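Worksheet: the structure to be examined is printed underneath.
In full-length UniProt numbering, the protein residues as written are 1 to 103.
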């Protein structure tokens with residue numbers, strides 16, 4: 001039984017950051033709409049921190065000419081921006097330099 005002063009998490013699916021991230025990410029993949037549109041619609045204009053962080057990290061990597069050393073960060077940024085489909089992320093993992101066999 002829930003205390004009247006505490007929110008019931010089942011009634012507030014966007015209550016936690018993980019809940020917001022999951023809901024927007026799921027809608028992003030299923031609908032193909034932009035993260036901005038989905039934030040406006042699903043979060044009443046609140047912003048997710050992930051896309052902002054991805055942009056900042058990628059900007060820093062680009063300035064240091066290090067994007068190729070951190071391809072997963074770059075892939076997340078490009079997906080959030082809409083320049084790469086989410087389905088391509090698995091290929092980024094498969095071709096990550098750490099997973100490549102060295103002769």
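For each residue, glycine too, the CB sits at the ideal point set by N, CA and C. Since we're looking at a predicted model, the values are computed, not measured.
- Residue from 63, 40, 97, 36 with nearest C-alpha to residue 52: Locating residue 52 in the chain shown gives position 52, where the first residue counts as 1. The alpha carbon of residue 52 has as its nearest neighbour, out of 63, 40, 97, 36, the alpha carbon of 36.
- Message: Please state the DSSP three-state secondary structure of residue 90.
- Response: Here residue 90 corresponds to residue number 90 of the chain shown, with the count starting at 1. In the three-state DSSP reduction, residue 90 falls in the helix class (H, G or I).
- Query: What is the residue span of the alpha helix (DSSP H) that residue 71 lies within?
  - Reply: The residue given as residue 71 occupies position 71 in the chain shown. Residue 71: member of the alpha helix (DSSP H) spanning 71-81, first to last residue.
- Item | residue 47 vs residue 39 beta-carbon contact at 8 angstroms | Residue mapping note: residue 47 aligns to position 47 of the chain shown, counting from 1. Residue mapping note: residue 39 aligns to position 39 of the chain shown, counting from 1. A contact, by the Cβ cut-off of 8 angstroms.
- Message: Here's the rule: buried if 16 or more other CB atoms are within 10 angstroms of the residue's CB, otherwise exposed. What is residue 79?
- Response: Taking the chain shown and counting its residues from 1, the one referred to as residue 79 is at position 79. Of the residues assessed, residue 79 falls on the buried side of the cut-off, its CB having 16 or more other CB atoms within 10 angstroms.
- Message: Looking only at its chain, what residues have a beta carbon closer than 6 angstroms to the beta carbon of residue 11, apart from the 5 residues adjacent to it on each side?
- Response: Counting from 1 along the chain shown, the entry for residue 11 is found at position 11. For residue 11, the predicted structure reports a pLDDT of 48, less than 50, and the residue's modelled location is therefore unreliable. The matter cannot be settled from this model.
- Message: Helix, strand or coil, according to DSSP, for residue 36 in the structure here?
- Response: The residue given as residue 36 occupies position 36 in the chain shown. In the structure shown, residue 36 sits in a helix (DSSP, three-state: H, G or I).
- Query: Thinking C-beta only, is residue 54 closer than 8 angstroms to residue 24?
  - Reply: Counting from one through the chain shown, the residue named residue 24 turns up at place 24. Counting from one through the chain shown, the residue named residue 54 turns up at place 54. Taking the C-beta atoms as reference points, residue 54 is found no nearer than 8 angstroms to residue 24.
- Message: Suppose the cutoff is 7 angstroms on Cβ atoms and the five residues either side in sequence are ignored; what does the same chain contact list for residue 34 look like?
- Response: For the purposes of this step, residue 34 is identified with residue 34 of the chain shown, where counting begins at 1. The beta carbon of residue 34 sits closer than 7 angstroms to the beta carbons of 82 from its chain, once the five residues preceding and following it are set aside; these are given in chain order.
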